[in-house]
Structures are given as C-alpha cells and as structure tokens.
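Some notes on the structure that comes next.
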Amino acid sequence: MSAATAAAGVVRHLFTQANATDLAFLMRSIELGDSLSASQIARRILDGIAAHPEAKLFTADAQRADKLLHTERIAPKGPLTPRELNVLRLIAQGKTNRQIAEESHRSAHTIGAQLKSIYCKLAVKTRTQAVCEATQKGLLSWNASS
C-alpha cells in the first residue's frame, strides 16, 4: 500500500466520521493560517473519532500512512542544483515541460520531477511563483545575457 493510498483512507475515514461544523472550522483556520486553532480543532475531531469502536481501524491506517510517509523519499530542501536552475531559466522564458525536455535531452517526466523539487525548495506552488521567488532571491536575472 502506498503512502498516498493509506493517507486517502485516513482522510476518507476522517470526513465520514467527523462533525461537519468542526471540519468547516478546521478548514477555515487552516486557510487563515491560524495553526493554534487548527491544531486544537483537529485534536478535538481526532479525540471524538478515537472514542468510537471502529477507531482501531482508523488508528492502524493512520500509523501505516505515517510510517509510509516518513520512509518515502522527500526532496531535500537546499540550494537549487545547476540543472534545476537551468529548468527554472527555461520556465522563465515561458517554455513548457515538453519544450524544456526536448532542449535539455531529458524526459518530460524528469523535468516534472525537477519542477516539483524546485517548488519544494522555493516553497511555492506555481511556475509563476517559482520565477518570482527565484528572482527575488537573486537566482534569476532579467539581463539580455540570461
């Protein structure tokens, strides 16, 4: 069972067993970045679920998901590699993953994996955010020589 499958089982159980109002408050707290309230609401939800007899299954799924998530390879945060910087430069030029793959003689899958690593390292979610963040950090410049 993959970590994603186990996590999906945990989330499914959470959404079927939790109070809809508590879930709404939890999601709103997360959206607002209120981690203190979110953690308190999450604890209340989990305590309520753990009190049910079928909680043993939920706990086993949660433990399995946690173990799988911690054993899967997670891209290390740190400086961008030279290849990631090159991918980022090409993204800044408006190229697609397929165009970047063809130009760099790599697969589109490899470019996608590098893009995910870039997102993780720069703590962003989109190509535009990645280019903006890299520019702000001085990793990209808008000189004609770039």
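Counted the way the working numbering counts, the sequence shown spans residues -9 to 136.
Every residue gets a Cβ at the ideal spot worked out from N, C-alpha and C, and that includes glycine.
The beta carbon of residue 97 sits closer than 8 Å to those of 91, all from its chain and outside the five residues before and after it, given in chain order.
For residue 9, the number of other beta carbons within 10 angstroms of its own is below 16, and it is reported as exposed. If you draw a 10 Å sphere on the C-beta of residue 29, you find fewer than 16 other C-beta atoms in it, and that means exposed.
Burial is judged here by how many other beta carbons sit within 10 angstroms of a residue's own beta carbon; residue 111 has at least 16 and is buried. Listed in chain order, the non-local C-beta contacts of residue 130 below 6 Å within the same chain comprise 82 and 124, local neighbours out to five positions each way being set aside. For residue 10, the enclosing alpha helix (DSSP H) has its first and last residue at 10 to 22. Taking 8 Å as the cut-off, the Cβ atoms of residue 77 and residue 108 count as close. For residue 114, there is no enclosing alpha helix (DSSP H), as DSSP gives it neither H nor E.
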